[in-house]
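This report refers to the structure that appears directly beneath it.
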Amino acid sequence: MSTPAPRRAAARIRAAAPPSAVTAGLVTVLVGTTSSAAVVLAAARAAGADAAELASWMLALGVGLGATCIGLSLRYRAPVVTAWSTPGAALLATGLAGASMGEAVGAFLLSSVLILVCGVTGWFARAMASVPVPIASALLAGVLLEFGTGLFRAMHGSFGVTFPMFAAYLLARRLRPRYAVLAALLVGVAATTAAGDWGGAAGHIGLTPAAPVFTAPRLDWHVLVGAGLPLFVVTMASQNLPGVAVLRGDGYDVPVSPLIGWTGAAGVVLAPFGAFALNLAAISAAICTGPDAHPDRERRYLAAVWAGVFYLCVAVFGGTIGALLTAMPRELVLGTAGVGLLGTIGSSLQGALADPGDREAAVVTFLATASGVTLLGVGSAFWGLLAGVFTMVVTTAGRRRDPGAPRGGGPAADRTHAERTVRPGPVAPDPPAAAAPALPRTAGTAGPGGRAPGTGR
């Protein structure tokens, strides 16, 4: 007997919207926006943006992130999460002082064009292909450490909110692991409400759709050199580099060049409306790549798709969302991010330290990245990578490796034995797919396409 139509429809909905994936997508957007919304607003105000232009910034960023999350994740069947450049926003908050909005848009366009060029030419992919997996895993662990420790630091100032979240997470991990992060989030919201810790303006926020505000770019070389070029460098070194490390560290060998290229292209289109820089996400992406997003690694891309849906919601109600996010208590954000990233931090450390021959270099990478040091305006992720590669070259150059020693990422708790070894090397090329849009390529550049065998997500 055939299944009734309503039951078939319900089954399709459950397949497309598993609760764990929807929750991971929501938490990804919450973490990606609440942790840096104030920085974005500061950057907009530095350029002299008024209330309508502020809302347009949120609209443009939400549309860009939603479109790239959904499109790239569906195209490559991998949890590709994008984000705005938080270090870039912090840089703009000071670098745009005295600049007009048109001059700021000119800087945005320059940065996005350079990112697009990196994607089209394959320069960034070739550089990343030479990074050994233990280094990439250590880089990811170092980037995420601040959020992991932030969970416990938050208990000092708001024990009544963060400890119940942690306890709810542990209890749900024991009983219903798929809903552990959702349980922590719900308990955190309830505890925050009971304590009256929401911002005072939260009760006066109205539901107001955002409208795009177009600003014609003006090219002023002082602003281009002082803000546009640093924005490009910071976005590539502090955002795209750890973003690729998240995907590689979790075994996703998606082609890097199209990912970088499409974020640059989206930035070029949306820069006149306030999208200052779009890039691969690192911290928030790790929420979608872990086992809490979906027990089946082949289905975790749905978490990134749902993140894109929620980013589109941010776009529609840009002004409202911006005000609401700034009213959300910092402890609630830290608690949600902390419990959501525990598994990813553990698997990253395991992958970084799996090979004794590369262990010292991985530790140096981890410590330098976790230090948070900023030199020449470039964040610690870039310097951690350089320190780790330098250490590996000095300590292992000329040595013969034991053929039986593991080489690469090490086992992750949610992978089968065949999936557990992630080998370094070039990003896997894609099979030809004429129906899918692709950026122009040069020789040696990874083209659009699927995943390498065994990468799963």
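For the sequence shown, position 96 matches number 86 in my numbering, and the numbering has no gaps at all. Idealized CB from N, CA, C, for every residue including glycine. Remember, it's a predicted structure, so these values are computed and weren't measured experimentally.
Pro8 versus Pro199: straight-line alpha-carbon distance, rounded | Indexing the sequence shown from 1 puts residue 8 at position 18. Indexing the sequence shown from 1 puts residue 199 at position 209. Their backbone Cα atoms lie some 28 Å apart in a straight line.
Measure the beta-carbon distance from Ile335 to Leu134 and round it to whole angstroms, keeping in mind my assumption that it falls under 8 Å.
-> Mapped onto the sequence shown, residue 335 falls at position 345. Mapped onto the sequence shown, residue 134 falls at position 144. Contact holds; Cβ gap of about 5 Å.
Contacting residues, own chain, Cβ-Cβ under 7 Å from Pro154 (five flanking each side not counted) = On the sequence shown, residue 154 is found 164 positions in, with the first residue counted as 1. If we look at Pro154 and ignore the five residues flanking it on each side, its Cβ neighbours are Val177, Ala181.
Three or more C-beta pairs below 8 Å linking the region 45 to 58 and the region 257 to 276 | yes
For Glu321 and Ser148, believed in contact at Cβ under 8 Å, the rounded distance | As a first step, residue 148 is located in the sequence shown; it is residue number 158 there, counting from the start. As a first step, residue 321 is located in the sequence shown; it is residue number 331 there, counting from the start. Between Glu321 and Ser148 the Cβ distance is about 4 Å, and since that is below 8 Å, they are a contact.
Measuring alpha carbon to alpha carbon, tell me which of Val224, Ala255, Asp286, Leu161 ends up nearest Thr364.
-> Position 374 of the sequence shown, counted from the first residue, corresponds to residue 364. Nearest C-alpha to Thr364: Val224.
DSSP state of Leu219 mapped onto helix, strand, coil | Mapped onto the sequence shown, residue 219 falls at position 229. Reduced to three states, the DSSP call for Leu219 is helix.
Start-to-end residues for the alpha helix (DSSP H) that takes in Leu100 = Position 110 of the sequence shown, counted from the start, is the residue given in the question as residue 100. 91 to 111 is the span of the alpha helix (DSSP H), which, as asked, contains Leu100.
Where Gly186 and Val21 are concerned, what is the direct C-alpha to C-alpha distance, given to the nearest angstrom?
-> Position 196 of the sequence shown, counted from the first residue, corresponds to residue 186. Position 31 of the sequence shown, counted from the first residue, corresponds to residue 21. Each residue's Cα considered, the two are about 21 Å apart.
Secondary structure at Thr141, three-state DSSP: helix, strand or coil?
-> Your numbering for residue 141 matches position 151 in the sequence shown. Inspection of the sequence shows that residue 141 is occupied by Leu rather than by Thr. In this structure, Leu141 counts as helix in the three-state DSSP scheme.
Based on Cα-Cα distance, which residue from Glu136, Ile273, Val236 lies nearest to Ala342?
-> Residue 342 sits at position 352 when you count from the first residue of the sequence shown. Cα-wise, what sits closest to Ala342 is Val236.
Of the residues Thr310, Leu357, Gly251, Leu130, which one's Cα is nearest the Cα of Arg274?
-> Mapped onto the sequence shown, residue 274 falls at position 284. First, the amino acid is wrong: residue 274 is Ser here, not Arg. With distances taken between Cα atoms, Ser274 lies closest to Leu130.
Among residues of its own chain, excluding the 5 on either side of Ala271, which ones have a beta-carbon nearer than 7 Å to its beta-carbon?
-> By one-based count along the sequence shown, residue 271 stands at place 281. Contacts found: Gly22, Val71, Thr72, Ala73, Gly233.
Do Gly78 and Ala267 have their CB atoms nearer than 8 Å?
-> If you number the sequence shown from 1, residue 78 lands on position 88. If you number the sequence shown from 1, residue 267 lands on position 277. For Gly78 and Ala267, yes; Cβs fall inside 8 Å.
Looking at C-alpha atoms only, which residue of Thr381, Ala344, Ala360, Phe372 is the closest neighbour of Val123?
-> As a position in the sequence shown, residue 123 is number 133, starting the count at 1. Per the Cα distances, Ala344.
Mapping DSSP to helix, strand and coil, what is Leu366?
-> The sequence position of residue 366 within the sequence shown is 376, counting from 1. Three-state DSSP puts Leu366 in coil, outside helix and strand.
Going by beta carbon distance, what residues of the same chain come within less than 8 Å of Met91, once the five residues before and after it are set aside?
-> Walking along the sequence shown from the start, residue 91 turns up at place 101. So the list reads Ala37, Gly38, Ala39, Glu43, Thr205, once near-sequence residues are dropped.
Using the Cα positions of Val383 and Ala128, report the straight-line distance between them to the nearest angstrom.
-> Residue numbering aside, residue 383 sits at position 393 when the sequence shown is read from its first letter. Residue numbering aside, residue 128 sits at position 138 when the sequence shown is read from its first letter. Cα to Cα, Val383 sits roughly 16 Å from Ala128.
beta-carbon Glu43 near the ligand SAM non-hydrogen atom, thresh 7 Å | Ligands are entirely absent from the displayed structure, and the ligand SAM is therefore not among its contents.
Helix, strand or coil for Met(-9) per DSSP?
-> Residue mapping note: residue -9 aligns to position 1 of the sequence shown, counting from 1. Because the pLDDT at Met(-9) is just 47, under 50, the model does not fix this residue reliably, and the value given afterwards should be weighed accordingly. DSSP places Met(-9) in coil when its eight states are reduced to three.
Through-space distance from Met226 to Ser102, alpha-carbon basis = For the purposes of this step, residue 102 is taken as the residue at position 112 of the sequence shown. For the purposes of this step, residue 226 is taken as the residue at position 236 of the sequence shown. When rounded, the distance between both Cα atoms is 11 Å.
Use the C-beta contact count for Leu62: other C-beta atoms within 10 angstroms, 16 or more gives buried, fewer gives exposed.
-> Here residue 62 is taken as the residue at index 72 of the sequence shown, counted from 1. Classification of Leu62: buried, given that the 10 Å Cβ count is 16 or more.
DSSP beta-bridge partners for Asn269?
-> Locating residue 269 in the sequence shown gives position 279, counting from the first residue. According to DSSP, Asn269 bridges with Ala73.
Arg143 CB to nearest chain D CB: under 8 Å?
-> Any reference to chain D falls outside this structure, which holds one protein chain only.
Report yes if the C-beta distance between Ala50 and Ala201 is below 8 Å; otherwise report no.
-> Walking along the sequence shown from the start, residue 50 turns up at place 60. Walking along the sequence shown from the start, residue 201 turns up at place 211. No, Cβ-Cβ distance for Ala50 and Ala201 is not below 8 Å.
Alpha helix (DSSP H) runs wholly inside the region 303 to 341, at least 4 long, in chain order = 308 to 317
Report yes or no: do three or more beta-carbon pairs, one from the region 304 to 311 and one from the region 282 to 293, lie closer than 8 Å?
-> no
Which residues bound the alpha helix (DSSP H) around Arg163?
-> As a first step, residue 163 must be located in the sequence shown, where it is residue number 173. 149 to 165 is the extent of the alpha helix (DSSP H) around Arg163.
C-alpha distance - Glu93 paired with Ala83, whole-angstrom precision | Position 103 of the sequence shown, counted from the first residue, corresponds to residue 93. Position 93 of the sequence shown, counted from the first residue, corresponds to residue 83. Distance between the alpha carbons of Glu93 and Ala83: 14 Å.
Straight-line Cα distance separating Ile125 from Val107 | As a first step, residue 107 is located in the sequence shown; it is residue number 117 there, counting from the start. As a first step, residue 125 is located in the sequence shown; it is residue number 135 there, counting from the start. One C-alpha to the other measures close to 26 Å.
Rounded to whole angstroms, how far is the Cβ of Trp252 from the Cβ of Thr58, which I believe are closer than 8 Å?
-> Position 262 of the sequence shown, counted from the first residue, corresponds to residue 252. Position 68 of the sequence shown, counted from the first residue, corresponds to residue 58. Confirmed, about 6 Å.
Span of the alpha helix (DSSP H) around Arg349 | By 1-based counting over the sequence shown, the position of residue 349 is 359. Element bounds for Arg349: 349 to 360.
State the DSSP-derived secondary structure class of Leu249, mapped to helix, strand or coil.
-> Numbered from 1 along the sequence shown, position 259 holds the residue referred to as residue 249. In this structure, Leu249 counts as helix in the three-state DSSP scheme.
Expected contact under 8 Å - CB spacing of Leu292 and Ala11 to nearest Å | Against the sequence shown, residue 292 aligns to sequence position 302. Against the sequence shown, residue 11 aligns to sequence position 21. Yes, Leu292 and Ala11 are in contact; Cβ-Cβ is about 4 Å, under 8 Å.
Outcome for Pro346 when other beta-carbon atoms lying within 10 angstroms are tallied against a minimum of 16 | On the sequence shown, position 356 is the one that residue 346 refers to. Its Cβ having fewer than 16 others within 10 Å, Pro346 is exposed.
Return helix, strand or coil for Leu134, following the three-state DSSP convention.
-> Counted from its first residue, the sequence shown places residue 134 at position 144. Here Leu134 sits in helix by DSSP.
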